[in-house]
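For reference, the structure is listed below as structure tokens.
Protein chains in written order, with our numbering: chain Z, 16 to 264; chain C, 77 to 389; chain A, 807 to 903.
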């Protein structure tokens, strides 16, 4: 697969799978306004994913449309990080997953604006406004969750402890990242990680929460080796096109 | 110096004069207790319907077969939630809190539209809901834009503006499927077969069997009768079905000389059972709503406590 | 906990559809703090680019005219019709008036 296309897919797959998880939460929210707010974020992310998939399909010519990339790819050809596959266990998990990913996206897209690839640069510019809003929202929720009631603090600390192991993968540089970084089209993940850590520490401090003792890390998503959740996500997502391959919807 | 108004009879006269001259009644106006009670029930039940309606459609979000259809479905469901919000806002102006409305729903004291007690079994159901259920809602809601209570009327105007994309979304799905494979056509017809009658039941009992209609019409809460609205819906929808090759599941359907349709008898026994709580999904819909509410309790609580701590109220 | 507050406080939402225009009341939202109030208002009331600016006010902060006072509060404007331009006769043909 050509490098640029894979780089695009890394970006789009993260947005797609995270938006999928968020969209599963529709009508399960703790109150109506929050339900709508979550759906808004999901919609923004689908928009980002869709524009990247369309471009990826266009430059490569192997698939006919962006949707082919979403609905006809095998699990081992998805390159999203493990973080975004994690389930909607409770509101604390949802928000911690969101906060970690929003912060990554924010600093990533901030750098992307300077990409030598015109599509990526424009993607950065367009997406940063929405991502900034998402980060503002999830940061504020971290504070409400960490610095509100005792119960919320405990649940949120648990979520942090459980999800921390997926955070390093955001910044894991593979061959594609190095190649793209070298030719000015990609982003330095080292820079992104530095900024991300500052943000995380700042918000955790304000939320009366801490980094976990166990700093153990897992990865594999960027290589197409996912958690057991991914199979079920794709089974649902791809169900109709899988079952009726000749149908258009 | 405050002019104390204590004469109920003259207040009632003033109230009815406003109604007669199409002047809206606003939250701080005097109104008969029955008017207030009727509105509290009608507006909050309308709100509950929008929120419960998020569930049958939500059932297919994760299986939406294209990014475009997924975005559109999400946006539609978000709109439904938003409509619930506008309606709860309007209902709250009558002096009852949203929390109380939710409690009444959970206790079975409040109803929501019967149509959402049916399951969504294939992707075409999403089309059928947008086309028929939203179509029926539009027919009803256009009429409600002229309802006598100000906040309700304004909410309805807002809702109507947003509603028309919903019907198009649904019809587009049905159309595409009817232009598609054999399986898709079968799914579309199957969905129509299951949703047609529940959509007709949305307009409520026949006028003669509807005890509350006359007062609601007198006070212009309701602007048209159930049967009138139902007929309007049928007459505009049947040609839409025929255009894309769908057959209405009613053997007794006949086209009259004046262009209107006469239809078979609605199964009122089924309607009454569903209203009572004995429909295919009543239990599931309510349990889902109760569960989300209960599981959300700690979240609402921490938001409340954090706000006080940080003095952001 | 006070059960009427379980959904957060009620806030009234005002939208300015274009710069320079007045803010219009759009409805209300429930929220636990002012950040949630303004963000939720944006999510609920401006999905279709309905506005360039937004105000939210806790409903309990709104001062309204009491119904019992309404008639004397507003009535006195009735006999001051000289405040309206239509009260005045103008010669035919006058421009810019």
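Glycine is no exception: its CB is placed at the ideal position from the N, C-alpha and C atoms.
Practice problem: With a 10 Å radius around its C-beta and 16 neighbouring C-beta atoms as the bar for buried, classify residue 232(Z) as buried or exposed. | Solution: In the first chain, counting from the first residue as 1, residue 232(Z) sits at position 217. So residue 232(Z) ends up on the exposed side.
Practice problem: Using a cut-off of 8 Å between C-beta atoms, extract the partners of residue 35(Z) located in chain C. | Solution: Counted from its first residue, the first chain places residue 35(Z) at position 20. Residues of chain C passing the Cβ test: 138.
Self-check item: For residue 282(C), three-class secondary structure by DSSP
Solution: Here residue 282(C) refers to the residue found at position 206 when the second chain is read from its first residue. In the structure shown, residue 282(C) sits in coil (DSSP, three-state: anything other than H, G, I, E or B).
Quiz item: Buried or exposed: which applies to residue 808(A), given that a residue is buried once 16 or more other Cβ atoms fall within 10 Å of its Cβ?
Solution: Position 2 of the third chain holds residue 808(A). Note that residue 808(A) has pLDDT 42, beneath the 50 cutoff, so the model's placement of it is unreliable and no number is given.
Quiz item: Per DSSP, what kind of secondary structure is residue 830(A) in: helix, strand or coil?
Solution: Here the question's residue 830(A) lines up with position 24 in the third chain. Residue 830(A): strand per DSSP, three-state reduction.
Quiz item: Hey, would you say residue 818(A) sits closer than 8 Å to residue 836(A), going by beta carbons?
Solution: Position 12 of the third chain holds residue 818(A). Position 30 of the third chain holds residue 836(A). Cβ atoms of residue 818(A) and residue 836(A): not closer than 8 Å.
Quiz item: Counting only beta-carbon atoms, is residue 834(A) nearer than 8 Å to chain C?
Solution: Counted from its first residue, the third chain places residue 834(A) at position 28. It does: the Cβ of residue 834(A) has a partner Cβ on chain C nearer than 8 Å.
Quiz item: Any residues in the segment 135–168 of chain Z with a beta carbon nearer than 7 Å to a beta carbon of chain C? Which ones, in chain order?
Solution: 158, 159, 160, 162, 163, 164, 166 and 167
Quiz item: First and last residue of the beta strand (DSSP E) that includes residue 822(A)?
Solution: In the third chain, counting from the first residue as 1, residue 822(A) sits at position 16. First-last of the beta strand (DSSP E) with residue 822(A): 815–822.
Exercise. Could you tell me whether any Cβ in chain Z is nearer than 8 Å to the Cβ of residue 157(C)?
Key: Within the second chain, numbered from 1, the residue matching residue 157(C) stands at position 81. With 8 Å as the cut-off, residue 157(C) counts as an interface residue toward chain Z.
Quiz item: For residue 815(A), which residues in chain Z fall below 8 Å Cβ to Cβ?
Solution: Along the third chain, one-based indexing puts residue 815(A) at 9. The premise fails here: residue 815(A) is roughly 12 Å from chain Z at the closest Cβ pair, so nothing lies under 8 Å.
Exercise. Show which residues of chain C have a CB atom less than 7 Å away from the CB atom of residue 47(Z).
Key: The residue you call residue 47(Z) lines up with position 32 of the first chain. Result: 127, 157, 160 and 161.
Quiz item: Between which two residues does the alpha helix (DSSP H) harbouring residue 227(C) extend?
Solution: Within the second chain, the letter at position 151 stands for residue 227(C). Its alpha helix (DSSP H) spans residues 226–254.
Practice problem: With a 10 Å radius around its C-beta and 16 neighbouring C-beta atoms as the bar for buried, classify residue 120(C) as buried or exposed. | Solution: Residue numbering aside, residue 120(C) sits at position 44 when the second chain is read from its first letter. Counting Cβ neighbours within 10 Å, residue 120(C) comes out buried, since at least 16 surround it.
Quiz prompt | residue 167(Z) versus residue 221(C) - alpha carbon distance | solution = Your numbering for residue 167(Z) matches position 152 in the first chain. Your numbering for residue 221(C) matches position 145 in the second chain. Roughly 43 Å separates the two Cα atoms.
Self-check item: CB of residue 844(A) within 8 Å of CB of residue 863(A), strictly
Solution: Indexing the third chain from 1 puts residue 844(A) at position 38. Indexing the third chain from 1 puts residue 863(A) at position 57. Contact flag unset, no.
Self-check item: Unbroken stretches of the alpha helix (DSSP H), 4 residues or longer, contained in the segment 138–202 of chain C
Solution: 143–168 and 174–182
Quiz prompt | Nonlocal neighbours in the same chain, by C-beta distance under 8 Å from residue 858(A), ignoring five residues either side | solution = Along the third chain, one-based indexing puts residue 858(A) at 52. So the list reads 822, 823, 824 and 825, once near-sequence residues are dropped.
Quiz prompt | CA-to-CA distance, residue 69(Z) to residue 77(Z), given in whole angstroms | solution = Counting from one through the first chain, the residue named residue 77(Z) turns up at place 62. Counting from one through the first chain, the residue named residue 69(Z) turns up at place 54. Approximately 12 Å between the Cα atoms of the pair.
Quiz item: Under 8 Å Cβ-Cβ, which residues of chain A neighbour residue 368(C)?
Solution: Position 292 of the second chain, counted from the start, is the residue given in the question as residue 368(C). Result: empty, since nearest Cβ-Cβ is about 13 Å, beyond 8 Å.
Quiz item: Can the beta-carbon of residue 257(C) be found less than 8 Å from the beta-carbon of residue 259(Z)?
Solution: Here the question's residue 257(C) lines up with position 181 in the second chain. Here the question's residue 259(Z) lines up with position 244 in the first chain. Contact flag set, yes.
Quiz item: Do three or more CB pairs link the segment 120–132 of chain Z to the segment 168–179 of chain Z at distances below 8 Å?
Solution: The segment 120–132 of chain Z vs the segment 168–179 of chain Z: no contact.
Self-check item: For residue 56(Z), the nearest candidate out of 27(Z), 152(Z) and 212(Z) (CA to CA)
Solution: Residue numbering aside, residue 56(Z) sits at position 41 when the first chain is read from its first letter. It is 152(Z).
Self-check item: Three-state class that DSSP yields for residue 859(A) in the structure shown
Solution: Stepping through the third chain from its first residue, residue 859(A) is reached at position 53. Note: residue 859(A) maps to strand in three-state DSSP.
Quiz prompt | Backbone CA spacing between residue 267(C) and residue 261(C) [nearest angstrom] | solution = Looking up residue 267(C) in the second chain gives position 191. Looking up residue 261(C) in the second chain gives position 185. If you take the alpha carbons of residue 267(C) and residue 261(C), they lie about 10 Å apart.
Quiz item: Rounded to a whole number of angstroms, what is the C-alpha to C-alpha distance between residue 335(C) and residue 329(C)?
Solution: Here residue 335(C) refers to the residue found at position 259 of the second chain. Here residue 329(C) refers to the residue found at position 253 of the second chain. Spanning the two alpha carbons is a distance of roughly 13 Å.
Quiz item: Would you call the CB atoms of residue 111(Z) and residue 36(Z) closer than 8 Å?
Solution: By 1-based counting over the first chain, the position of residue 111(Z) is 96. By 1-based counting over the first chain, the position of residue 36(Z) is 21. Their beta carbons are not under 8 Å apart, which means residue 111(Z) does not touch residue 36(Z) by this criterion.
Quiz item: Span of the alpha helix (DSSP H) holding residue 28(Z)?
Solution: For this step, residue 28(Z) is matched to residue 13 along the first chain. From DSSP, the alpha helix (DSSP H) with residue 28(Z) extends over 18–39.
Quiz item: Within the 8 Å Cβ cut-off, does residue 141(C) reach chain Z?
Solution: By 1-based counting over the second chain, the position of residue 141(C) is 65. Chain Z contact via Cβ: present.
Practice problem: Anything in chain C within Cβ reach of residue 850(A), meaning under 7 Å, just list it in chain order. | Solution: Along the third chain, read from residue 1 onward, the residue named residue 850(A) stands at position 44. Within chain C, the residues near residue 850(A) are 158 and 161.
Quiz item: DSSP state of residue 331(C), grouped into three classes?
Solution: One-based indexing of the second chain puts residue 331(C) at position 255. Looking at residue 331(C) - three-state DSSP - the assignment turns out to be strand.
Self-check item: Top-ranked residue by Cα proximity to residue 188(C), from 236(C), 93(C), 303(C) and 357(C)
Solution: Taking the second chain and counting its residues from 1, one reaches residue 188(C) at position 112. Nearest C-alpha to residue 188(C): 357(C).
Quiz item: On the three-state DSSP scale, how would you describe residue 262(Z)?
Solution: As a first step, residue 262(Z) is located in the first chain; it is residue number 247 there, counting from the start. The answer is coil: DSSP assigns residue 262(Z) none of H, G, I, E or B.
Exercise. Tell me where the alpha helix (DSSP H) around residue 110(Z) begins and ends.
Key: In the first chain, residue 110(Z) corresponds to position 95, counting from 1. That run of the alpha helix (DSSP H) goes 106–127.
Practice problem: Please go through the same chain and pick out, in chain order, the residues whose beta-carbon is closer than 7 Å to the beta-carbon of residue 320(C), but skip the five residues on each side of it. | Solution: Start at 1 with the first residue of the second chain, and residue 320(C) comes out as number 244. Closer than 7 Å at Cβ, skipping near neighbours: 250, 251 and 254.
Quiz item: What alpha helix (DSSP H) runs, 4 residues minimum, are completely inside the segment 290–323 of chain C?
Solution: 302–319
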